[in-house]
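Note sheet for the following structure.
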Amino acid sequence: MKKRNVVTLSVVCLMMVVLVGCGTVSKKQFFNITTGGTGGTYYPVGGALADVLSSNIEGLTVTAQAGNASVGNVNLLSNHETESAFVQNNVAFWAYEGQASFEGNAVDNLRGIASLYPEAIQIVALESSGITSVEDLKGKKVSVGEQGSGVEVDVKNILDVHGLTYDDMSIDYLSFTEAAQKLKDKQIDAAFVTAGYPTSSVMDVSKSRDIVIVPIAEEKVNAMIEKSPYYAQTTIPAGTYDGQDEPVNTATTMAMWVCDAEADDDLVYGMTKALWENRQKLEETHDKGKDITIDTALDGMAIPLHPGAEKYYKEQGIID
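Per the numbering used here, the sequence shown starts with residue -6, numbered consecutively.
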């Protein structure tokens, strides 16, 4: 009886060696990137990034899911309901420091992986509305993004430097896709969109309605920068959208890929490495991919780096 037990135990051990190999269990890992609505830039870029990571890290499956963008994504990370997300760098800073809409509720488990690309604040108006400046929004029907979103944060900052408030207009809280549909149906006059250009929802509107991309004057952007150093000046090139014949001055933030501080160091290191060693795949997938470069990986990095990402950047000599 004892001999049979020994034989049985030996067979079990042999099976474990074959299945496990070198004492390390080989199992599939899953990782999530929460992006934004399907009408913005986060969603397609997030999908492309998920494909790059899944294709280049053995045993890892990364999925990108639509989310409510910056503020909503930070809240998910705060509650450990997603492993990583795309957010605006100014929102990441406010969340980590417990400022603005996060006052008294600092999100201290927020860590940076990479700055990705500039996000332009785009004010899209129907040409028939007569809106050609921010001041012209007074008395109009305007989408200010989803309630509590990073877009809404931007809207409030823009209105503030122009001496305007929500009381000066009729506002609607809409996603990019919802705002696009209401513009096409002439149910609103203008919409704010903070996203990398060209933005699919804006392109959609421009193909069926005559639109104006409303500029933000340089001095007004400078006033925004004084309040929040994570804004910057940028120009939307002429021809970005149908009927847009002139370049448009506006403000920009940086889109960041952030994660939960609890994410495994080796995993984040591997994903950071895979991102930068295969970034050309992002360029092939979306126009904003050309702006995702390791040279700007730490531009506007508003929060501490995750140790896994930090290790990779140190190896590359980007940080000491």
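No residue lacks a Cβ here, since even glycine has one placed at the ideal position from N, Cα and C.
Check, Outcome
"Please classify Asn215: is it buried, with 16 or more other beta-carbons within 10 angstroms of its beta-carbon, or exposed?", "exposed"
"Just how far apart, CA to CA, sit Ser136 and Glu145?", "9 Å"
"Using CA coordinates, which residue listed in Asp101, His279, Lys179 and Asn83 is at the minimum distance from Leu69?", "Asp101"
"If contacts are defined as beta-carbon pairs under 8 Å, then Gly301 and Val261 qualify, I think. What distance do you get, rounded to the angstrom?", "3 Å"
"Taking 8 Å as the cut-off, does the segment 125 to 142 touch the segment 156 to 169 (at least 3 CB pairs, one atom from each stretch)?", "yes"
"List the endpoints of the continuous alpha helix (DSSP H) containing Tyr110.", "No alpha helix (DSSP H) holds Tyr110; the beta strand (DSSP E) holding it covers Leu103 to Leu119."
"Would you call Ser163 buried or exposed, if buried means 16 or more other Cβ atoms sit within 10 Å of its Cβ?", "exposed"
"List the whole-angstrom C-beta distance separating Val67 from Ala267, where the pair is believed to meet the contact cut-off of C-beta under 8 Å.", "Not really, about 24 Å apart at Cβ, beyond 8 Å."
"If distances are taken between C-alpha atoms only, which option among Ile114, Ala62, Gly33 and Met294 comes closest to Asn150?", "Ile114"
"Is it buried or exposed, Lys283, if we count other Cβ atoms within 10 angstroms and call 16 or more buried?", "exposed"
"Counting along the chain, where does the alpha helix (DSSP H) carrying Asp147 start and finish?", "Gly143 to Val154"
"Could you check whether the segment 22 to 35 touches the segment 238 to 247, counting it as contact only if at least three pairs of C-beta atoms, one from each stretch, sit closer than 8 Å?", "no"
"Going by beta-carbon coordinates alone, are Ala93 and Leu103 separated by less than 8 Å?", "no"
"In the DSSP assignment, find the unbroken beta strand (DSSP E) run with Val214 in it and report its ends.", "Unbroken run through Val214 is the alpha helix (DSSP H), Glu211 to Lys220; no beta strand (DSSP E)."
"Report yes if the CB atom of Val80 is closer than 8 Å to the CB atom of Ser108, and no otherwise.", "no"
"Leaving out the 5 sequence neighbours to the left and right, which residues in its chain are closer than 7 Å to Val198 when beta-carbon positions are compared?", "Val117, Ala173, Leu176, Lys177 and Ile204"
"Alpha carbon to alpha carbon, what distance is there between Tyr190 and Val251?", "21 Å"
"Per DSSP, what kind of secondary structure is Ser77 in: helix, strand or coil?", "strand"
"Are the beta-carbon atoms belonging to Ala184 and Leu167 less than 8 Å from one another?", "yes"
"Taking the continuous alpha helix (DSSP H) assigned at Ala254, which residues delimit it?", "No alpha helix (DSSP H) contains Ala254, which DSSP labels as neither H nor E."
"Can you tell me whether Gln309 is buried or exposed? The criterion is at least 16 other CB atoms within 10 Å of its CB, across all chains shown.", "exposed"
"Looking only at its own chain, which residues have a Cβ that is under 8 Å from the Cβ of Met196, when we skip the five neighbours before and after it?", "Tyr234 and Asp235"
"Is it true that the CB of Glu128 sits closer than 8 Å to the CB of His155?", "yes"
"Can you tell me which of Asn72, Lys274, Glu212 and Lys281 puts its alpha carbon nearest to the alpha carbon of Thr192?", "Lys281"
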